[in-house]
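Chemist:
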Amino acid sequence: MKLNLKIWRQENNKSKGELRDYEISNITPDMSFLEMMDVLNEELINRNEDPVAFDHDCREGICGSCSMFINGQAHGPDRLVTTCQLHMRKFKDGDTIFIEPFRAKPFPVIKDLVVDRSAFDRIQHAGGYISVNTSGNTQDANAIPIEKRDADKAFDAATCIGCAACVATCKNASAMLFVSAKVSQYSLLPQGKVEATDRVLNMVKQMDEEGFGNCTNTGACEVECPKGISLENIARLNREFLKAKYKSQ
Ligand code: SF4
Ligand code: FES
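Sequential numbering of the sequence shown, starting at 266, is according to my numbering.
#1: Determine whether the beta carbon atoms of Asn311 and Glu288 lie at a separation below 7 angstroms.
#2: I'd like to know whether the C-beta atoms of Cys428 and Gly329 end up nearer to each other than 7 angstroms.
#3: Output the distance between the C-alpha atoms of Ser439 and Asp386, rounded to the nearest integer angstrom.
#4: Please name the residue in Arg274, His321, Ser332 and Gly457 whose C-alpha comes closest to that of Asp315.
#5: Would you identify the three-state DSSP class for Asp358, choosing helix, strand or coil?
#6: For His340, verify whether its CB is less than 6 angstroms away from any heavy atom of ligand 4.
#7: Quick check on the burial criterion: 16 or more other C-beta atoms within 10 angstroms. Buried or exposed for Glu365?
#8: Where are the alpha helix (DSSP H) runs, 4 residues long or more, that stay fully inside the segment 458-493, in chain order?
#9: Can at least three beta-carbon pairs, one atom from the segment 406-423 and one from the segment 458-478, be found at a separation below 8 angstroms?
#10: Do you know how far the Cα of Thr424 is from the Cα of Asp492?
#11: Quick check on the burial criterion: 16 or more other C-beta atoms within 10 angstroms. Buried or exposed for Glu208?
#12: State the start and end residues of the unbroken alpha helix (DSSP H) segment that holds Ile272.
#13: Please report the Cβ distance between Glu489 and Ala384, rounded to the nearest whole angstrom; I am assuming they are in contact, meaning their Cβ atoms lie under 8 angstroms.
#14: Rounding to the nearest angstrom, what Cα-Cα distance links Pro373 and Asn278 in this structure?
#15: Check whether the Cβ atoms of Ala419 and Ala446 sit closer than 7 angstroms, and answer yes or no.
#16: For Met441, I'd like the list of residues in its chain whose CB is within less than 6 angstroms of its CB, leaving aside the five on either flank, ordered along the chain.
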């Protein structure tokens, strides 16, 4: 396959970025999107040009770092996959592909396609820990009966990989889907109930301080989320928040 790439190049947070054109050939349909980017970078290095900076780590859909906007969609045209799981067979020979960083005010561009998503880390830190007795007489987790429906929902929420596609897709740069997943994975389980009040209040406070917008009820986040995190979690976050507000007064 031969492709025309229009890639966002930006030296650093202070500089003005722009889309630059690159032509690439010898791309096979079985390559992943990141492997296609690797081929381009090798060519750029061989020509003594600056390679395109992009985030990646696991390359198997679990770390959430390979976040980029591809033809106007977070993680590209496929459903329920991350950029590293996207294959070039989703594109046609001769296609033009626009590749841009995730854009949101709380995620400043570091270089090219790499953005600073430490705002997510600070939200998670604000959530704190759960109280688990680790003094040697820890109760076996399997000894606490949990309804299957709740266990499944908690597990589904815990599959959020913190990639930020939900934020980048939302017209309000809302982090509600991410925060709701992190709140839900604990609030549904008995182990998470002890600190539930502080957790939700602190995480929402931090989310607001970081500058994320409120939910627009558009549902684009759920559509673009590579892990299929359900909007149901945002409803749960709102309930948990109201309950916590009431308790804390
Ligand atoms: S909710 Fe989905 S889109 Fe948002 S950070 Fe988690 S995995 Fe990514
Ligand atoms: S590189 Fe880890 S999810 Fe894509």
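All C-beta atoms, glycine included, are put in the ideal place defined by N, C-alpha and C.
Modeler: Reading from the atomic positions:
#1: no
#2: yes
#3: 16 angstroms
#4: Arg274
#5: coil
#6: Inclusion of ligand 4 in the displayed structure is not the case, the ligand content consisting of ligand 1 and ligand 2 alone.
#7: buried
#8: 461-475 and 485-489
#9: no
#10: Note that residue 492 is Lys in the sequence shown, not Asp. If you take the alpha carbons of Lys492 and Thr424, they lie about 7 angstroms apart.
#11: The structure shown has nothing for residue 208, since the chain only spans 266 to 514.
#12: Note, Ile272: premise wrong, no alpha helix (DSSP H); beta strand (DSSP E) at Leu268 to Arg274.
#13: Wrong, their Cβ atoms sit about 19 angstroms apart, outside the cutoff.
#14: 7 angstroms
#15: no
#16: Cys480 and Ile499
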